[in-house]
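Residue 153 in my numbering sits at position 99 of the sequence shown, and the numbers go up by one each step. Glycine included, C-beta positions come from ideal geometry on N, C-alpha and C. The structure presented is a predicted model; accordingly, all values stated were derived computationally and were not measured. Inspection log for the structure reproduced underneath, given as structure tokens.
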Amino acid sequence: MAVKRADAAIPLLRHALVLATGADAKVWALHVIDRKRTEPDASGSLMSDLEAAESWLRRALVESGLEARGALPVVVVGRPAREILAAIRALDADAVLLGSESRETDAEGVGMDVQLQAPCPVVFHDLLHGGGVNAP
Numbered sequence: 055m056a057v058k059r060a061d062a063a064i065p066l067l068r069h070a071l072v073l074a075t076g077a078d079a080k081v082w083a084l085h086v087i088d089r090k091r092t093e094p095d096a097s098g099s100l101m102s103d104l105e106a107a108e109s110w111l112r113r114a115l116v117e118s119g120l121e122a123r124g125a126l127p128v129v130v131v132g133r134p135a136r137e138i139l140a141a142i143r144a145l146d147a148d149a150v151l152l153g154s155e156s157r158e159t160d161a162e163g164v165g166m167d168v169q170l171q172a173p174c175p176v177v178f179h180d181l182l183h184g185g186g187v188n189a190p
């Protein structure tokens, strides 16, 4: 699953917990730090952003109940759709859960790009209204 917004992480993670429990699946929570929106720190490194994002994601996994189920946080820097697709392939994912701010896909097109190129089903969780959106 991919986590886009900090304020939407817990409902999205709880949805992942329900889906994973029903399927007896392993969960990786992926957060992509958008390279275009990230500035290196004074040393020219993105390490502080990576560490902060991983710490935040670990706390969210605990709060959602996914940590107890063995969910693993993954934080990367890059272009969101590209990194999500790379993670799907690297982790040999059977399905992907993405948060979306619309009933179709997210407004930036990341969800659509992932849905069109993913080698597995992509399920959208409606961040504004709660619940699943679609599962092609």
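- DSSP places V116 in no beta strand (DSSP E) but in the uninterrupted alpha helix (DSSP H) bounded by M101 to S118.
- For P127, the enclosing beta strand (DSSP E) has its first and last residue at L126 to G132.
- The DSSP-derived three-state label of D167 is helix.
- For A83, the enclosing beta strand (DSSP E) covers residues W82 to D88.
- Contact check for A83 against A135 fails: the beta carbons are separated by 8 Å or more.
- Secondary structure at L181: coil, using DSSP grouped into helix, strand and coil.
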